[in-house]
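Report on one structure; see the data block that follows.
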Amino acid sequence: MLFGKILHLSTSYTNFEHRQIIDINMSANEKVHCLIIGSGPAGYTAAIYAARANLKPVLYQGMQPGGQLTITTEVENYPGYPNGIMGPQMMVDFEQQAQRMGADIRWGMVTKVDFSSRPFKAEIDEETWIEADSVIIATGASAKWLGLESEQRLNGHGVSACAVCDGFFFKGKEVAIVGAGDTACEEALYLSKLCSKVHMLVRRGEMRASKVMQARVLKTENIQIYWNSETAEVLGDDHVTGLRIRNTETGAESDIALSAFFVAIGHEPNSSLFRGILDMDEQGYLITQPGTTKTNIEGVFACGDVQDKIYRQAVSAAGTGCMAALDAERYLGAMDLH
Ligand code: NDP
Numbered sequence: 011m012l013f014g015k016i017l018h019l020s021t022s023y024t025n026f027e028h029r030q031i032i033d034i035n036m037s038a039n040e041k042v043h044c045l046i047i048g049s050g051p052a053g054y055t056a057a058i059y060a061a062r063a064n065l066k067p068v069l070y071q072g073m074q075p076g077g078q079l080t081i082t083t084e085v086e087n088y089p090g091y092p093n094g095i096m097g098p099q100m101m102v103d104f105e106q107q108a109q110r111m112g113a114d115i116r117w118g119m120v121t122k123v124d125f126s127s128r129p130f131k132a133e134i135d136e137e138t139w140i141e142a143d144s145v146i147i148a149t150g151a152s153a154k155w156l157g158l159e160s161e162q163r164l165n166g167h168g169v170s171a172c173a174v175c176d177g178f179f180f181k182g183k184e185v186a187i188v189g190a191g192d193t194a195c196e197e198a199l200y201l202s203k204l205c206s207k208v209h210m211l212v213r214r215g216e217m218r219a220s221k222v223m224q225a226r227v228l229k230t231e232n233i234q235i236y237w238n239s240e241t242a243e244v245l246g247d248d249h250v251t252g253l254r255i256r257n258t259e260t261g262a263e264s265d266i267a268l269s270a271f272f273v274a275i276g277h278e279p280n281s282s283l284f285r286g287i288l289d290m291d292e293q294g295y296l297i298t299q300p301g302t303t304k305t306n307i308e309g310v311f312a313c314g315d316v317q318d319k320i321y322r323q324a325v326s327a328a329g330t331g332c333m334a335a336l337d338a339e340r341y342l343g344a345m346d347l348h
């Protein structure tokens with residue numbers, strides 16, 4: 011499927027004309043020094059550094075140009091924006107900065123890769139192939155959602171998949187979180203320091219999280235756990251006003267009045283393209299050599315959330331994007347390719 015082309019028609023947040031020109035100019039059988047796959051903070055930062063190092067990077071934006079930040083509202087924890095910034099606008103800023111440095115930012119999905127020989131090869135939109143001396147993977151991760159209509163409708167209006175990003179907006183209020191892994195526990199603890207009360211929905215009679223995290227949650231007074239409970243509906247017309255929960259054993263439903271609903275049921279790294287090609291852990295996160303962005307294939311680097319299941323912040327993703335560009339530059343220099 012040609013996601014890049016479909017996004018031409020469906021997206022609204024950024025400029026069409028520029029992209030259409032670039033699509034037309036794109037030739038088949040092109041060869042570049044540095045191919046960047048993905049357009050979140052990691053990919054754009056890699057593009058800024060690679061462009062300034064004269065690697066003439068070409069970046070393919072993928073299915074969701076701008077990445078996860080385009081579905082958040084205000085970002086207050088990214089240094090350099092003293093008054094905060096809307097997530098989509100921040101990603102437009104990143105993109106424009108990369109372009110100003112000379113990065114070639116393109117619409118399109120990388121639909122296949124071949125890293126078995128050099129130069130590396132990547133298929134674009136199932137149509138054309140591009141060759142690259144080095145590749146930086148910044149395909150990110152996607153939050154998992156429950157799949158409720160009300161959850162989707164109120165996303166960004168009190169429904170969030172990131173407590174660290176959005177918890178602050180609900181300071182002193184009652185909120186709920188669903189999930190029972192380490193992320194849910196960590197986020198519940200984070201919220202408990204900001205919010206008056208945290209209602210935590212656990213779908214089974216036990217948690218998956220590590221014992222130490224569970225113990226911390228259990229002894230936190232303003233976290234109330236609802237065992238064997240699932241989300242029936244998020245309540246509210248234009249913002250969250252409550253939650254309807256269902257006991258999975260009795261089927262009984264009850265409503266809780268609250269201001270925000272955090273979903274913390276896991277993330278999926280966007281790494282399926284590299285399965286069987288690059289080393290990844292059992293959850294699909296790409297494995298990089300400690301302290302670097304090097305994958306198991308020399309010349310292929312990974313940065314941002316596709317290789318980070320712990321921090322997952324825009325600023326840490328941008329940091330590893332910078333590292334990936336520096337690693338690529340050194341690799342190309344050492345190989346006499348640049
Ligand atoms: P996990 O996959 O570990 O946990 C997901 C949780 O969400 C599970 O409790 C699961 O329930 C629950 N869940 C899934 N689907 C639903 C649903 N539809 N309705 C309700 N609940 C649902 O994801 P995490 O993001 O928590 O962690 C991912 C990895 O990252 C783990 O290995 C974790 O240890 C690690 N991590 C480590 C941290 C650290 O070391 N500081 C911090 C954060 C994460 P169930 O148990 O019933 O399947």
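When we follow my numbering, the leftmost residue of the sequence shown carries the number 11, and every step to the right adds one.
Ideal Cβ positions, reconstructed from N, Cα and C, are used throughout, including at glycine.
Small disclaimer: the values here were computed from a predicted structure and weren't measured.
(message) For Ala151, tell me which candidate among Asp315, Gly168, Ile235 has the shortest Cα-Cα distance.
(response) Asp315
If you draw a straight line from the alpha carbon of Leu204 to that of Cys175, how long is it in whole angstroms? 12 Å
Measuring CB to CB, does Ile146 end up less than 8 Å from Ala338? yes
Report all residues from its chain with a CB closer than 7 Å to the CB of Ala63; omit the five preceding and five following residues, and keep chain order.
Ala335, Glu339
### Task
State buried or exposed for Tyr341, treating a residue as buried only when at least 16 other CB atoms are found within 10 Å of its CB.
buried
- Query: Does DSSP classify Ala175 as helix, strand or coil?
  - Reply: The question names Ala, yet the displayed sequence has Cys at residue 175. It is helical.
Point to revise | Pair within 8 Å by beta-carbon distance, Gly309 and Ser144 | key: yes
Report the rounded CA-to-CA distance for Pro92 versus Ala324, giving the unit in angstroms. 16 Å
**Item:** Exposure of Leu228, with buried meaning 16 or more beta-carbon neighbours within 10 Å
**Value:** exposed
Under a Cβ-count criterion, where at least 16 other Cβ atoms within 10 Å of its own Cβ denotes burial, should Gly48 be classed as buried or exposed? buried
Contact under 8 Å by Cβ, Pro51 with Ala327: yes
Notebook entry, point to check: Are the beta-carbon atoms of Ile233 and Val212 separated by less than 8 Å?
Noted result: no
CB of Met290 within 8 Å of CB of Cys313, strictly:
no
Please determine whether the Cβ atom of Ile221 lies at a distance below 7 Å from any heavy atom of the ligand NDP.
According to the sequence provided, residue 221 is Lys. The question's Ile does not apply to it. No; taking the cut-off as 7 Å, the Cβ of Lys221 has no heavy atom of the ligand NDP nearer than that.
Quiz item: For the ligand NDP, is there a heavy atom less than 7 Å away from the beta-carbon of Gln293?
Solution: yes
Residues in its own chain within less than 6 Å of Pro67 by CB, not counting five upstream and five downstream? Cys44, Ile46, Ala57, Ala60, Ala61, Ala113
With DSSP as the reference, please indicate the residues paired to Val310 in a beta bridge. Val145
- Taking the alpha-carbon positions, what's the Thr55 to Asn257 distance? 45 Å
Cα-Cα separation, Met73 to Glu105:
15 Å
Cα separation between Ser127 and Leu347?
15 Å
Same chain, Cβ closer than 7 Å to Asp192, neighbours up to 5 away in sequence not counted: Ala219, Ser220, Met223
Is Gly77 buried or exposed, if buried means 16 or more other CB atoms sit within 10 Å of its CB?
-> buried
Discussion item. Using a 10 Å radius around the Cβ and a threshold of 16 neighbouring Cβ atoms, would you call Met119 buried or exposed?
Written reply: buried
* Asked: Who are the near neighbours of Thr80 in its chain, counting only those whose CB is closer than 8 Å to its CB and skipping five residues on each side?
  -> Tyr23, Gln74, Gly97, Pro98, Met101
Practice item. Please list, in chain order, all residues of the same chain as Lys207 whose beta carbon is under 6 Å from its beta carbon, the five residues on each side excluded. Key: Glu184, Asn232
Notebook entry, point to check: How many angstroms separate the CA atom of Arg214 from the CA atom of Val188?
Noted result: 11 Å
Original post:
Any chance the CB of His277 is under 7 Å from a heavy atom of the ligand NDP?
Top reply: yes
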